[in-house]
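In my numbering, the protein residues as written are 4 to 232.
Before any comments, here is the structure.
Written as C-alpha cells, this is what we have:
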C-alpha cells in the first residue's frame, strides 16, 4: 500500500467570520471546527451554495484568508450545517496565516498533534481522510483492468471524492490500474473515473473487497453520488 504524506489537521473549535466573494451578503458567523493546509470543517447556521467552486474570505482571528473551496460533504446537526471544505486554491501566505493562528491560539494542540502523528505513523503521515469523508453507498460498477485488458462487474460499498470501496467476484491485485464506470441512478450517463487498487482481501467465498484510490479528487462525481445516496 502506498503511503502519502498529508498536512496535519488541527482541532481548533474557534469562532470565525466568512463571506462568499461576489455575493451581496456580508460576513456571517461560523465556527471553525478543524483546519489544515488542505481544508477545514466549518459549522454555521446558513446553508452554502453547493456543486460549485466558492471563493471565500475567512476572517481567522485578526487575519483575512482568501481561498477557493469545494464543499465535499454536508451534515445537519441540531439545525446547523457542518461542512467539509477542500481548499482547491490557497496561497502559501495563507498557509502561513493558518500556521501562525494555530501557533498563537492553540499551541498545545499544535505540539500534541505534531508529535502524536509522527509517533503513530513512524514519521510518515497518511492522507487527510476527514475532509474526504466516505459515504456508504451500493451502486453497480463496471471496471476495466488495464494490464489484463479484462472487464468485470463490482458493487460499491463506500465512496469518497478520493476513493471507492467495492466488492468484486475476482481478486484485484494491489497496484492494478482500473478504468471504471459507476452506474448512478440519476438518469445520467455512467460516471467515468480512473484509479489504482491499494488493498485487497477476501470478504467471503468467491467475493473480494478492494480499496481503490482515484487518480484525482472527483468532486463533481461525489456531488452526483450524494444527491441519490
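Beta carbons: idealized from backbone N, C-alpha and C, even for Gly.
> Mind checking residue 129: buried by the 16 CB within 10 Å criterion, or exposed?
Replying inline: Model confidence at residue 129 stands at a pLDDT of 43, short of 50, so the residue's coordinates are unreliable and nothing is read from them.
>> If I measure Cβ to Cβ from residue 213 and keep anything under 6 Å in the same chain, skipping five residues before and after, which residues do I get?
In response: Within the same chain, Cβ atoms closer than 6 Å to the Cβ of residue 213 are found at 169, 175, 200 and 203, the five residues on either side in sequence being excluded.
>> For residue 44, tell me which candidate among 12, 219, 224 and 173 has the shortest Cα-Cα distance.
In response: Measuring from the Cα of residue 44, the nearest candidate turns out to be 12.
> Enumerated in chain order, which unbroken segments of the beta strand (DSSP E) with a length of 3 residues or greater are wholly contained in the stretch 56–102?
Replying inline: With a minimum length of 3 residues, the continuous beta strand (DSSP E) runs that stay inside the stretch 56–102 are 57–63, 66–80 and 83–92.
> Is residue 107 helix, strand or coil when you go by DSSP?
Replying inline: Helix.
> Going by beta carbon distance, what residues of the same chain come within less than 6 Å of residue 49, once the five residues before and after it are set aside?
Replying inline: Taken in chain order, the residues that qualify are 31.
>> Can you find the residues in the same chain that come closer than 6 Å, C-beta to C-beta, to residue 154, ignoring five residues on each side of it along the sequence?
In response: Cβ within range, chain order: 147.
>> Across the stretch 65–75 and the stretch 33–41, are there enough close Cβ pairs to call them in contact, namely three or more that are closer than 8 Å?
In response: Short answer: they don't touch.
> What are the uninterrupted segments assigned as beta strand (DSSP E) that are 3 or more residues long and contained completely in the stretch 158–203, given in chain order?
Replying inline: Taking only runs of at least 3 residues, the beta strand (DSSP E) segments lying wholly in the stretch 158–203 are 166–171 and 180–185.
>> Once the 5 residues before and after residue 211 are set aside, which same chain residues still bring their CB inside 8 Å of it?
In response: So the qualifying residues of the chain are 170, 171, 172, 173, 174, 175, 203, 204 and 205.
>> Suppose contacts are defined by Cβ-Cβ distances below 7 Å. Is residue 216 in contact with residue 198 by that definition?
In response: Taking 7 Å as the Cβ cut-off, residue 216 and residue 198 qualify as a contacting pair.
> Three-state secondary structure (DSSP) at residue 51?
Replying inline: If DSSP states are grouped into helix, strand and coil, residue 51 belongs with coil.
> When the distance is taken between beta carbons, is residue 61 closer than 7 Å to residue 84?
Replying inline: Against a cut-off of 7 Å, the Cβ pair of residue 61 and residue 84 comes out as no contact.
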